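Notes follow the structure.
Residue numbers (the working numbering), protein chains in the order written: chain U, 24 to 386; chain Z, 46 to 179.
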């Protein structure tokens, strides 16, 4: 298994380590509920070094990205972050990723860990075919990433940087220093809370981690594992690549219609258009258990004795104190309040379709 | 650290404990080591009263936020009572795995099967070996 530059720190903290897409990652340090609530109420520190970073530079960097990504980036300002999707020719989602406009002709893509190599090969192939005047570079190995998430994350991070965090808007970033090391600070995340994603050289990310642990402890910050990251993102209605979607799923079938800008041409656009005109047959929805039980990934969704879908994510929500999940269901069973059953072991357990997200923070 | 394993009961290699009474009934639960491994228990799927199980059959399911784990009955018998308090407070298993966190009460079909199980000392020996082999 691959290890992040922070692996030894997790071991020293006695974290439980799991294999996440080939990476040895901490799933929890103490327990998921405590780490989850700590992030909602104070702040959580997450090792996200496993995610990928790809640089795109050159006079035609934007042209390449406009072709491979679904989101229109023409109006993206330097310092802005945009969520987008990378599609195959059939309109299937290779990856959902964030785009950082670093400079006029300079972008950074932040990819999910598992599809990173696939993204890289795909983008390189398109670049070679179309011969845009730009270069791409996989900087994942030399780039470290930490997420500081939660209502007290600004206060904690501000102690280690001269950047004006108060005036850094959501989905914007700045280049500054953290704990004396060059870093990119982005106000964004995957928890539904206010928070930051911090990028720095993998050589110094351990020192930034240590400084944050020192500074954050007084404010109630704790290290948090992928277990809490998963329950936090699910409560906030965010999907997990490879679990809630894969290359057989298009953005039209999941709540990603908003990152598809049909005013421009991009790879997969024609397929999406065809899908739309023939009608979408399945949709990803939120679900809430009304009977006793917890829906889990892979459980069948039943309506009037007929199999109508499959659970993609399911857990116990620590904030709401009930079992929640996401499922792919037939389009005619996708309206909120539709009564459904989840096949949990030998039992049909009652559930209903609900609107996403399950949780929204109060500002 | 896990609590000591009381020596008034038997243990399975799958981390269940079973305590046998002279009236032929037995209480079954999971060990403190098992609850420590599972951490935050949020749901217990209890069997129906009257369910008859063979040795090593799943008699209940314990779920943490992340995981789903079967509880096996190390012996054959009939479920005559369930700890329904766990429906509302599954965390009782985390708090008191050897006491208030018991899961089912059974009538054993063949108490001799208990002889196949481990004593507290034997269970601790097994945990030690597991740790060393990691």
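Beta carbons are placed, not taken as given, at the ideal position from N, Cα and C, and that holds for glycine. The structure displayed is predicted, hence computed values, not measured ones.
Alpha-carbon to alpha-carbon, residue 260 of chain U and residue 382 of chain U: Here residue 382 of chain U refers to the residue found at position 359 of the first chain. Here residue 260 of chain U refers to the residue found at position 237 of the first chain. Their Cα atoms are separated by approximately 8 Å.
Identity of the residue in U:252, U:278, U:360, U:386 nearest residue 57 of chain U by Cα: Mapped onto the first chain, residue 57 of chain U falls at position 34. Checked all of U:252, U:278, U:360, U:386; the closest Cα to residue 57 of chain U is U:252.
Same chain, Cβ closer than 7 Å to residue 78 of chain Z, five either side skipped, listed in chain order: Taking the first residue of the second chain as 1, we reach residue 78 of chain Z at position 33. Excluding residues within five positions, the ones whose Cβ falls inside 7 Å are 47, 60, 172.
Outcome for residue 122 of chain Z when other beta-carbon atoms lying within 10 angstroms are tallied against a minimum of 16: One-based indexing of the second chain puts residue 122 of chain Z at position 77. The residue in question, residue 122 of chain Z, is buried, as its Cβ has 16 or more Cβ neighbours within 10 Å.
When U:316, U:140, U:122 are compared against residue 133 of chain U, the one with the closest alpha-carbon: Position 110 of the first chain holds residue 133 of chain U. Looking at the Cα atoms, U:122 is the closest of the given residues.
Per-residue contacts from residue 316 of chain U into chain Z (C-beta, under 8 Å): Position 293 of the first chain, counted from the first residue, corresponds to residue 316 of chain U. Under the 8 Å cutoff, chain Z gives 88, 90.
Reduced DSSP category for residue 140 of chain Z - H, G, I as helix; E, B as strand; rest coil: Here the question's residue 140 of chain Z lines up with position 95 in the second chain. Taken through DSSP and simplified to helix, strand or coil, residue 140 of chain Z comes out as helix.
Per DSSP, cross-strand counterpart(s) of residue 121 of chain U: One-based indexing of the first chain puts residue 121 of chain U at position 98. In the DSSP output, where bridge partners are listed per residue, residue 121 of chain U has U:106, U:133.
Own chain, CB closer than 7 Å to residue 137 of chain Z, minus 5 neighbours either side, in chain order: Here residue 137 of chain Z corresponds to residue number 92 of the second chain, with the count starting at 1. The residues 130, 131, 145, 146, in chain order, have a CB closer than 7 Å to that of residue 137 of chain Z in the same chain once the five nearest residues on each side in sequence are set aside.
Residue nearest to residue 466 of chain U in terms of C-alpha spacing, selected from U:234, U:379, U:247, U:150: Residue 466 of chain U is absent from the structure shown; chain U starts at 24 and stops at 386.
Residues near residue 57 of chain Z by beta carbon distance below 8 Å, same chain, minus five either side: Numbered from 1 along the second chain, position 12 holds the residue referred to as residue 57 of chain Z. For residue 57 of chain Z, where only same-chain residues beyond five positions count, the Cβ hits under 8 Å are 63, 117, 119, 162, 163.
Inter-stretch contact (C-beta, 8 Å, three-pair minimum) for the stretch 168-182 of chain U and the stretch 200-212 of chain U: Yes, the stretch 168-182 of chain U is in contact with the stretch 200-212 of chain U.
Paired residues, beta bridge with residue 268 of chain U - DSSP: Residue 268 of chain U sits at position 245 when you count from the first residue of the first chain. Its beta-bridge partners are U:264.
Neighbour list for residue 77 of chain Z in chain U, Cβ cutoff strictly below 8 Å: Here residue 77 of chain Z refers to the residue found at position 32 when the second chain is read from its first residue. Going along chain U, no residue has its Cβ under 8 Å from residue 77 of chain Z, so there is no contact; the nearest lies around 15 Å.
Cβ of residue 339 of chain U within 7 Å of any chain Z Cβ: The residue you call residue 339 of chain U lines up with position 316 of the first chain. Interface residue, yes.
Opening and closing residue of the beta strand (DSSP E) in which residue 72 of chain Z lies: Counting from one through the second chain, the residue named residue 72 of chain Z turns up at place 27. Start and end: 70-75.
Minimum C-alpha distance to residue 80 of chain Z - residue among Z:70, Z:148, Z:174: As a position in the second chain, residue 80 of chain Z is number 35, starting the count at 1. From the listed residues Z:70, Z:148, Z:174, the smallest Cα separation to residue 80 of chain Z is found for Z:148.
N-terminal and C-terminal residue of the beta strand (DSSP E) that residue 113 of chain U is part of: For this step, residue 113 of chain U is matched to residue 90 along the first chain. Element bounds for residue 113 of chain U: n/a, residue is neither H nor E.
Residue 77 of chain U beta carbon less than 7 Å from that of residue 161 of chain U: Numbered from 1 along the first chain, position 138 holds the residue referred to as residue 161 of chain U. Numbered from 1 along the first chain, position 54 holds the residue referred to as residue 77 of chain U. Cβ atoms of residue 161 of chain U and residue 77 of chain U: closer than 7 Å.
Extent of the continuous beta strand (DSSP E) to which residue 123 of chain Z belongs: Residue mapping note: residue 123 of chain Z aligns to position 78 of the second chain, counting from 1. Per DSSP, residue 123 of chain Z belongs to the beta strand (DSSP E) from 122-127.
Residue 86 of chain Z and residue 139 of chain Z closer than 7 Å at C-beta: One-based indexing of the second chain puts residue 86 of chain Z at position 41. One-based indexing of the second chain puts residue 139 of chain Z at position 94. Yes, the pair counts as a contact, with Cβ atoms nearer than the cut-off.
Closer than 7 Å to chain U by CB, residue 149 of chain Z: Residue mapping note: residue 149 of chain Z aligns to position 104 of the second chain, counting from 1. Not closer than 7 Å to any Cβ of chain U, the Cβ of residue 149 of chain Z fails to qualify, so no.
Test item: CB-CB of residue 337 of chain U and residue 318 of chain U under 7 Å: As a working mapping, residue 337 of chain U is identified with position 314 in the first chain. As a working mapping, residue 318 of chain U is identified with position 295 in the first chain. Note that the C-beta distance between residue 337 of chain U and residue 318 of chain U is below 7 Å.
Proximity below 7 Å, CB of residue 83 of chain U to CB of residue 197 of chain U: Your numbering for residue 83 of chain U matches position 60 in the first chain. Your numbering for residue 197 of chain U matches position 174 in the first chain. Not in contact: residue 83 of chain U and residue 197 of chain U (Cβ atoms no closer than 7 Å).
DSSP bridge partner residues for residue 62 of chain Z (one or two, in chain order): In the second chain, residue 62 of chain Z corresponds to position 17, counting from 1. Paired residues: Z:56, Z:74.
Neighbourhood of residue 377 of chain U by C-beta distance below 7 Å, restricted to the same chain and skipping five residues each side: Looking up residue 377 of chain U in the first chain gives position 354. Cβ neighbours of residue 377 of chain U beyond the five flanking positions: 309, 310, 311, 359.
For residue 177 of chain U, the three-state DSSP class (helix, strand or coil): In the first chain, counting from the first residue as 1, residue 177 of chain U sits at position 154. Helix at residue 177 of chain U.
Short Cβ contact (7 Å threshold) for residue 173 of chain U with residue 38 of chain U: On the first chain, residue 173 of chain U is found 150 positions in, with the first residue counted as 1. On the first chain, residue 38 of chain U is found 15 positions in, with the first residue counted as 1. No; because the gap between Cβ atoms is not below 7 Å, this pair is not in contact.
Local conformation of residue 100 of chain Z per DSSP, three classes: Here the question's residue 100 of chain Z lines up with position 55 in the second chain. In this structure, residue 100 of chain Z counts as coil in the three-state DSSP scheme.
Stretch pair the stretch 265-277 of chain U + the stretch 108-116 of chain U: three plus CB contacts closer than 8 Å: Verdict: yes, contact present.
Proximity of residue 286 of chain U and residue 106 of chain U at Cβ, strictly below 7 Å: As a working note, residue 286 of chain U is residue 263 in the first chain. As a working note, residue 106 of chain U is residue 83 in the first chain. Not in contact: residue 286 of chain U and residue 106 of chain U (Cβ atoms no closer than 7 Å).
Cβ-based burial, residue 135 of chain U [other Cβ within 10 Å; buried from 16]: Sequence index remark: in the first chain, residue 135 of chain U carries index 112 (1-based). The residue in question, residue 135 of chain U, is buried, as its Cβ has 16 or more Cβ neighbours within 10 Å.
Partner residues on chain Z for residue 55 of chain U, Cβ-Cβ distance less than 8 Å: For this step, residue 55 of chain U is matched to residue 32 along the first chain. The contacting residues are 84, 85, 109, 110, 111.
Inter-residue Cα distance where the pair is residue 110 of chain Z and residue 307 of chain U: As a first step, residue 110 of chain Z is located in the second chain; it is residue number 65 there, counting from the start. As a first step, residue 307 of chain U is located in the first chain; it is residue number 284 there, counting from the start. Rounded to the nearest angstrom, the two C-alpha atoms are 22 Å apart.
Residue ranges of each beta strand (DSSP E) within the stretch 295-375 of chain U, 3 or longer: 305-312, 323-326, 329-340, 345-353, 362-367
CA-to-CA distance, residue 171 of chain U to residue 222 of chain U, given in whole angstroms: Here residue 222 of chain U corresponds to residue number 199 of the first chain, with the count starting at 1. Here residue 171 of chain U corresponds to residue number 148 of the first chain, with the count starting at 1. Computed Cα separation, rounded: 11 Å.
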